[in-house]
Structure formats: structure tokens, C-alpha cells
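Reviewing the structure listed below.
Numbering (our numbering), first residue to last: 5 to 195.
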């Protein structure tokens with residue numbers, strides 16, 4: 005089964021200790037769960053096994069014109085001036101940096117399938133299984149799992165490469181998507 009590993013929203017503003025959210029509870033969970041190191045190892049393993057790696061980023065123009073000001077999530081992003089597409093905060097964490105030929109899918113909503121080229125690329129490459137991980141579990145990971153499942157992809161979540169602002173949110177999110185995906189530790193991925 006042809007597979008891909010989607011690295012979801014692992015951006016400086018969200019996961020770096022100096023990032024806007026990386027300084028807070030989400031960043032604390034990322035660090036305590038060793039999400040950066042585990043994700044870097046998973047990326048290296050996928051590449052070594054010949055499995056494509058692609059990156060999904062939630063990012064906006066400098067003026068945040070794509071952000072809905074009425075959304076609790078996207079309005080706050082715009083007000084705080086974060087996740088700008090071409091700025092440090094919107095970039096993938098350096099420890100997880102994409103290679104030049106790996107996909108960079110920029111999205112403006114929670115789901116990587118909403119108004120992006122992701123599905124066209126997946127179908128064009130004959131992808132049947134999506135491995136995924138990222139932050140936050142209750143947002144992009146859940147949305148990816150549900151939307152990929154409804155598009156008839158086999159979905160595998162690398163649970164130890166995901167985090168939410170609290171351990172409870174992460175656990176609740178993983179429980180809520182259990183019927184739509186397989187959950188594994190990254191050490192068991194890509195075998």
C-alpha cells in the first residue's frame with residue numbers, strides 16, 4: 005500500500021520554545037512528550053524506508069486576510085499577528101525541516117483538505133495510507149483523520165508525535181478518533 009507521512013502544523017509559533025504558543029501549555033506538552041525529537045526520528049525513518057514525507061502548515065498572508073475574524077481560533081491568530089506564511093513563526097521547526105522536493109501544503113483552516121491541493125496530490129501519487137502526527141491533537145490531527153477517513157484513505161496516527169495544550173485534551177482526542185484510524189507509537193511506524 006503506497007503511503008505518505010504528513011507532518012502537521014509543526015511550526016515555530018506553535019512548537020518552538022520562543023514561539024507564541026510554544027511558550028505556553030502547548031509548548032510544555034510538546035517538550036514533555038519529546039514530540040520534536042520523536043517526529044524528527046519518524047521523518048528520518050520514513051525517508052529511509054522510501055516513504056514520502058509532506059508538510060502541512062497553517063499559515064496566512066502578512067495581513068491575515070484569509071483568517072476569519074469571527075472565528076475564535078483564526079481571529080485570535082490574526083489579532084496576535086502569528087503564523088505568517090513567510091515569517092519565522094509560520095515556518096516548520098528547524099529540527100524537522102523539509103527537503104526541497106517534499107510537499108509544503110499551506111492551509112488557512114483546521115483541516116489540511118479544506119481548500120488546499122492535498123487531495124489532488126495524494127490521488128495523483130496513488131497514496132492509499134496516510135501516516136500523520138502533529139499539533140494539536142484536538143485540531144489538525146483530528147481533522148486530518150476524519151477527513152482522510154471520509155475520503156477512503158487508511159489513516160495511521162503516530163500518537164507519541166502528537167500533543168495538545170493538556171494531556172487530557174490529547175487523550176480525549178485520541179479516544180474520539182480511535183474508530184477512524186490506527187494509533188501506534190512512532191517506533192512501530194513504517195515497518
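Don't be surprised by glycine CBs; every beta carbon is placed ideally from N, CA and C.
Item, Value
"Which residues in the same chain as residue 44 place their Cβ atom closer than 8 angstroms to its Cβ, once the five residues preceding and following it in sequence are excluded?", "99 and 100"
"Spatial neighbours of residue 194 within its chain, please: C-beta separation below 6 angstroms, excluding the five flanking residues on both sides.", "49, 50, 53 and 55"
"Give every residue of the same chain whose Cβ lies closer than 6 angstroms to the Cβ of residue 166, excluding the five residues on either side of it in the sequence, and list them in chain order.", "137, 141 and 145"
"Kindly indicate which residue of 70, 30, 122 and 26 has the alpha-carbon position closest to the one of residue 8.", "122"
"Can you tell me where the beta strand (DSSP E) holding residue 170 begins and where it ends?", "It is not in any beta strand (DSSP E) - residue 170 carries neither H nor E in the DSSP assignment."
"Considering only residues of the same chain and omitting the five flanking positions on each side of residue 143, which have a CB-CB separation below 7 angstroms?", "114"
"Buried or exposed: where does residue 36 fall if 16 or more other Cβ atoms within 10 Å of its Cβ makes it buried?", "exposed"
"Okay, do the region 155-163 and the region 58-75 touch, 3+ Cβ pairs below 8 angstroms being the bar?", "no"
"Give the straight-line distance between the Cα atoms of residue 179 and residue 108, rounded to the nearest whole angstrom.", "29 angstroms"
"Would residue 11 pass as a contact of residue 62 if the rule is Cβ separation under 8 angstroms?", "no"
"To the nearest angstrom, how far is it from the Cα of residue 89 to the Cα of residue 95?", "7 angstroms"
"Considering only C-alpha positions, which residue in the set 13, 116 and 126 is nearest to residue 168?", "13"
"Going by Cα to Cα distance, which pick from 102, 139, 97 and 85 is closest to residue 116?", "139"
"Taking a contact to mean a Cβ-Cβ separation below 8 angstroms, would you say residue 97 touches residue 159 in this structure?", "no"
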